[in-house]
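Okay, so here's the structure we're looking at.
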Amino acid sequence: MNKNKKYIVTAAFPYTNGNLHIGHVAGVFLPADIYSRYLRSINKKLIFISGSDEHGASILIKSIKENISPRKIINKYHKNIKEDLKILKISIDNYYRTSDKLHHKYSKKVFSKLYKKNFFEEKTTYQYYDKKYKLYLADRFVIGICPNCNYKFSYSDQCEKCGNILNVGDLINPKSILTNNTPILKKTINLFISFKSKKEMIYKILKYFKKKKINNKIIKIIYNFIKTGLQDRSITRDLEWGIKLPNIKKEYKFKVLYVWFEAILGYITSTIDWANKNKKKWQSYWKNKRTKLINFIGKDNIIFHSIFFPIIIKNYNKKYIIPYYINSNEFLNLEGKKISTSKNWAIFIKTFFKYFPNLIDSLRYSLIMDMPINKDSNFTWEKFKFYHNSELIGILANFFNRVIVLIHKFCNGYIPNKILLKKKDKLILNKIYKYPKKIGNLIYTYDFRKALYKYINLARIGNKYLSKNSPWTINDVIKRNTILYVSSQIIGYISHLSYIFIPYTTKKFLKILNIKLLKIIKLKKNVLSFNHKINKPKIIFRKLTNEEINYQKKILNKLKI
Ligand SMILES: [Zn+2]
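Each residue of the sequence shown is one higher than the one before, counting from 69 in our numbering.
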């Protein structure tokens, strides 16, 4: 087995019942992307894995409501989401789908082995049932009041507000979302994981996360899970859409695996799929103690990653690794309100791209600056305009362009060579050389917003340095060249480091500078060498107008345009 340290970075699988919106991006895909981009650029061995979650009640609900087959729905949205991730330049190595044969086969294998080990408990329970549709109403088909926090629109399997897992019958005043009637309770049998009997293992997992001292949020959720009594959890469902159970008993003929039981195995099957396509060994990632598994997820899914997954996979085969760190972001709101696909209160990537095909980096920038890291955050069109006009143009592109223009004016477009570095210049350069490490440390501790802030600070330092030394007022060639040389080194660093955050802009920077991208680990002194010829300045970002922003606000509020 390979002894080198490896990383598996995962982004939570989105449900394929709708298009990708800015909430998914800020919560999961962007942080995972920045993390992966940085790690690759310092030569770490890493795979970045994700895929579509194509089973579960939410897809079936959409299919019933819109009278289309679930297959058509997943095919449409899987394709759309994949396209959107490409547009956003999310650097995923394998974007998979859980409807794939390999995933079905693997999930059944895990289930069968656990079933044979008597890992599950069979229980007769009552299930919500909609008489009109003759359908057992699993999970998201039933909405009611959460008994833990009184949230009015809690799902029957989990409250989105407090994160608690619920069982059938827990909801107060349950309603079928298909008919809005109160569903009846009908008898059925299902298989359960008895967490009470896995108590020892749960405490072991808790200790494991505690030892790392970085998973505070997770520890809180696990404590809460223990405190609320380690409720049994059914892992089979009376549904027609999903992974059919292997042939164990006739009573299970029309049941499927609970979506969380199998979707979470998608991280593994996505890796196997990637390995098959690239002739690699997936075991060297998943069955390697030196691999760090880093999950990027939304806050409502912590328990599935921190408890369900480790318990399932370790009981299946001890050799598998469990998460090293679970990065769970809070929620991103939009103009002060909760993002909702069904209420059409969202900015979809497809729509954004339609209006602003050349401003993807500005969206990435805004979403990193407003990433919901420790608390819910808010995206507004006004802030988007501010980030674009005042920071990306006003600070970043402004400094870059100033330097390019000056080098053309005073040095004919060549990086100056007749220079004499004084103490103040050396100080600035030494400060700049430390930035890759500083930014890296922030990314390592998952503080992506501060990392971006640090990055933009490079341009702030540059602007200040340039204004203070005003090379355009200096007649002494060596003195003037020295200032331009120092400034050129700063734009060199700015260009290479931009790759972690704003990759479309990187291309533009590099083209003007007439250089190729370097990995961060290779960044050193003289990133632009003496006498190197650079190209003419070009506009990097166009300005956003008030009209454009007002137009978007009107679209969002469905006002007449
Ligand atoms: Zn609740």
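Quick reminder that beta carbons are idealized off the backbone N, C-alpha and C, glycines included.
Predicted model, so just to flag it, every value in this text is computed and none were measured.
Can you tell me the Cα-Cα spacing of residue i and residue j, whole angstroms?
i    : j    : result
E133 : N85  : In the sequence as displayed, the identity of residue 133 is Lys instead of Glu. If you take the alpha carbons of K133 and N85, they lie about 12 Å apart.
I336 : F377 : 11 Å
K584 : K451 : 33 Å
N248 : K200 : 11 Å
L298 : I441 : 28 Å
N469 : Y572 : 17 Å
E615 : G508 : 38 Å
K587 : V554 : 21 Å
Y514 : N531 : 28 Å
K671 : L526 : Because the chain here runs from 69 to 629, residue 671 falls outside it and cannot be looked at.
Y423 : Y619 : 10 Å
K144 : S126 : 15 Å
K272 : Y219 : 32 Å
G91  : I294 : 30 Å
K281 : N498 : 33 Å
Y392 : F277 : 8 Å
Ignore the nearest five residues each way along the sequence and tell me which others in residue i's own chain have a CB closer than 6 Å to its CB.
i    : result
Y164 : G119, S338, D341
D152 : L88, I417
N70  : Residue placement at N70 cannot be trusted, given a pLDDT of 45 that sits under 50; what the coordinates show is reported in the next sentence. Answer for N70: S352, listed in chain order.
Y174 : T337
On the three-state DSSP scale, how would you describe residue i?
i    : result
H373 : helix
R301 : strand
K622 : helix
D368 : helix
D225 : coil
L534 : helix
Y388 : coil
E133 : Sequence check: residue 133 is Lys here, not Glu. Of the three classes helix, strand and coil, the one that applies to K133 here is helix, per DSSP.
D358 : The question names Asp, but residue 358 is Arg in the sequence shown. Reduced to three states, the DSSP call for R358 is coil.
P242 : strand
S434 : helix
T18  : Residue numbering for the chain in the displayed model covers 69 to 629; residue 18 lies beyond these limits and cannot be assessed.
Y106 : helix
R517 : helix
M69  : In this prediction, M69 has a pLDDT of 45, which is less than 50 and means its spatial position is unreliable; what the coordinates show is noted afterwards. M69 falls in the coil class under three-state DSSP.
Among the residues of its own chain, which have a CB less than 7 Å from the CB of residue i, if the five just before and after it don't count?
i    : result
M269 : I379
P251 : Y196, Y197, D198, L205, V210, P242, S244
I240 : G212, I213, P215
R105 : S159, Y567, I568
I580 : I472, I602, N603, P605, K606
L170 : T337, I340, D341
I407 : H89, G91, L400, N401, W413, A414
Smallest Cα separation from residue i: which of the options?
i    : options                : result
I316 : L259, I371, F364, K348 : L259
L182 : I261, D225, L156       : I261
F399 : F416, G366, I415       : G366
K140 : K154, E122, Y320, E151 : E122
K592 : Y501, N599, Y103       : Y501
E403 : A414, K579, N395       : A414
K350 : C230, I76, K254        : Before going on, a small fix: residue 350 reads as Trp here, not Lys. Answer by Cα proximity: I76.
K411 : F478, Y533, R548, N625 : N625
I570 : H146, I286, L156       : L156
L596 : Q620, K587, Y561, I607 : Y561
I568 : I129, Y521, L534       : Y521
W309 : I142, N537, I496, I559 : I142
S434 : K518, V236, K185, S180 : K518
K490 : I546, R528, F420, K443 : I546
I623 : K255, V96, T419, I129  : T419
V93  : I129, I149, S131       : I149
P539 : I472, I381, L581, N603 : I472
N395 : Y384, I371, I381       : I371
N426 : F609, G481, K621, Y103 : F609
Keeping to the same chain, check which residues put their C-beta closer than 8 Å to that of residue i; ignore five residues upstream and five downstream.
i    : result
K345 : N162
A331 : F81, D121, H123, G124, T166
C217 : C227, K229, C230, N232
E319 : I257
Can the beta-carbon of residue i be found closer than 8 Å to that of residue j?
i    : j    : result
S374 : I428 : no
L612 : H456 : yes
T550 : D493 : yes
D300 : K323 : no
I233 : K453 : no
L552 : P484 : yes
L464 : I542 : no
T574 : S563 : yes
T78  : N363 : yes
N111 : I558 : no
I257 : E190 : yes
For residue i, would you say it is in contact with chain B, using Cβ-to-Cβ distances shorter than 8 Å as the test?
i    : result
E616 : Although the question refers to chain B, the structure presented lacks it and comprises just one protein chain.
Task: For review: beta carbons within less than 6 Å of any heavy atom in ligand 3 - done: This structure does not include ligand 3; its bound ligands are ligand 1.
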